[in-house]
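The numbers in the sequence shown follow numbering that gives the first Met the number 0, run straight up by one, and end at 281. Report on the structure given below.
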Amino acid sequence: MSEQVTILDGVAVARNMRSELQTRVEELAKQGITPCLATILVGDDPASATYVRMKGNACERLGIRSKRVTLPSATTTEELLRVIGELNDDPLVHGILLQHPVPEHIDEREAFERIKLGKDVDGVTTLGFGRTAFDLPSYAPCTPQAILSILDAYEVPLEGKHAVVIGRSPILGKPVSLMLLNRNATVTICHSKTQHLASIVKTADIVVAAVGKPRFVQGSWIKQGAVVLDAGYNPGNVGDVDYEACLPHVSAITPVPGGIGPVTIATLLRNTVHAAESELNR
Ligand code: NAP
Numbered sequence: 000m001s002e003q004v005t006i007l008d009g010v011a012v013a014r015n016m017r018s019e020l021q022t023r024v025e026e027l028a029k030q031g032i033t034p035c036l037a038t039i040l041v042g043d044d045p046a047s048a049t050y051v052r053m054k055g056n057a058c059e060r061l062g063i064r065s066k067r068v069t070l071p072s073a074t075t076t077e078e079l080l081r082v083i084g085e086l087n088d089d090p091l092v093h094g095i096l097l098q099h100p101v102p103e104h105i106d107e108r109e110a111f112e113r114i115k116l117g118k119d120v121d122g123v124t125t126l127g128f129g130r131t132a133f134d135l136p137s138y139a140p141c142t143p144q145a146i147l148s149i150l151d152a153y154e155v156p157l158e159g160k161h162a163v164v165i166g167r168s169p170i171l172g173k174p175v176s177l178m179l180l181n182r183n184a185t186v187t188i189c190h191s192k193t194q195h196l197a198s199i200v201k202t203a204d205i206v207v208a209a210v211g212k213p214r215f216v217q218g219s220w221i222k223q224g225a226v227v228l229d230a231g232y233n234p235g236n237v238g239d240v241d242y243e244a245c246l247p248h249v250s251a252i253t254p255v256p257g258g259i260g261p262v263t264i265a266t267l268l269r270n271t272v273h274a275a276e277s278e279l280n281r
């Protein structure tokens, strides 16, 4: 067992973020501005509907307006692009979130790209991704931002550390790798074709699991004293890390639930408030 294990408490980090945001929302109210996040849900996937509802409710609890657009499964790419265009042009909407995945017949990438950069609070456009990669101001996707926020809240040093990211998806593995690189970590990105995964993870000071496979990361893979961030969220509230097996080896670890998830939602709220403040400055 590591001498002392820090449980990286995402609920507490998210609570602090929301209380800071509360003040900013009140300041905006004095200017007559209510931040507004538009969510677009296409089709009737129950999990997506739940995510959208959770995000909308989180907005409303903080005084952020939630404009919920629900479209039928048969919506065409053109119709979706038109809806996004209207939200881009609506001065009362500050952020746009297109819940994914969208039905297969829709060109998801084209739909993402239609979102105006200043309203891309979910960090899905290639331009936003490029700016994140270049360490320029942008809204990075919320989960990678949440991972960095947790590391910063607990003052985990990144410079010179070896970070191993398992997963390379455009919304998670890839951007978080670049963000860690921008913070001077030495980053190794692993994926489904990686050979000798366990021995690579064994060299990591920081492990980010973004695989989508329940309890994938084994305790025996973890170097003594490593920091483990589990972005996984699988059915039954199970992460991508075998938490109990990793506990004896880590110096710090995020639980599931109560780790990265709550901070991801708080990050979406923060990006929306920031977008509303930018509107004020325009
Ligand atoms: P994804 O798009 O399915 O990507 C999974 C990644 O894992 C891919 O890059 C894949 O490699 C890699 N992978 C799959 N099997 C592997 C293996 N055996 N060895 C090494 N790498 C492997 O998933 P995602 O959207 O990034 O999500 C990852 C996890 O995070 C999921 O559990 C998801 O539920 C969770 N998530 C959580 C939040 C949150 O708010 N907490 C937000 C988003 C996602 P290839 O590229 O080679 O296929």
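Positions of the beta carbon are idealized from the N, C-alpha and C atoms, including for glycine.
Asked, Found
"Element boundaries [alpha helix (DSSP H), containing R60]", "45-60"
"Of the residues L147, A208, T185, the one placed nearest S168, counting alpha carbons only", "A208"
"Secondary structure of V155, DSSP reduced to three states", "coil"
"Between the CA atoms of E243 and V285 - distance to the nearest angstrom", "Nothing can be reported for residue 285, as the shown portion of the chain is limited to 0 through 281."
"D241 CB to nearest heavy atom of the ligand NAP below 8 Å", "no"
"N-terminal and C-terminal residue of the beta strand (DSSP E) that D88 is part of", "From DSSP, D88 is part of no beta strand (DSSP E) but of the alpha helix (DSSP H) over 76-88."
"heavy atom of the ligand NAP below 8 Å from I165 C-beta", "yes"
"Given P71 as reference, the closest of V82, L147, S198 once Cα atoms are compared", "V82"
"Anticipated Cβ contact below 8 Å, V237 with P213, distance rounded", "4 Å"
"C-beta contact flag for V259 and T142 at 9 Å", "Reading off the sequence shown, one finds Ile at residue 259, where the question assumed Val. Yes, these two residues count as a Cβ contact at 9 Å."
"Candidates A13, A28, T263: closest to L171 by CA position", "T263"
"Simplified DSSP state of S168, which is helix, strand or coil", "coil"
"Near the ligand NAP: Y138 beta-carbon under 8 Å from a heavy atom", "no"
"A139 versus S148 - alpha carbon distance", "12 Å"
"Meets three-Cβ-pair contact criterion under 8 Å: the segment 58-66 and the segment 33-43", "yes"
"Backbone CA spacing between L27 and E276 [nearest angstrom]", "7 Å"
"The ligand NAP heavy atom lying under 8 Å from the CB of H195", "no"
"Proximity below 9 Å, CB of I252 to CB of L7", "yes"
"Option in P247, A265, L135, L196 with minimal Cα separation from E59", "A265"
"Under the three-state DSSP convention, the category N236 falls into", "coil"
"Buried/exposed call for M53, threshold 16 Cβ in 10 Å", "exposed"
"The ligand NAP heavy atom lying under 8 Å from the CB of H190", "yes"
"Cβ pair count under 8 Å reaching 3, the segment 84-99 against the segment 40-55", "yes"
"Where I6 falls: helix, strand or coil (DSSP)", "strand"
"At least 3 beta-carbon pairs within less than 8 Å: the segment 155-168 vs the segment 189-206", "yes"
"Distance between E109 and Q30 (C-alpha atoms, nearest Å)", "35 Å"
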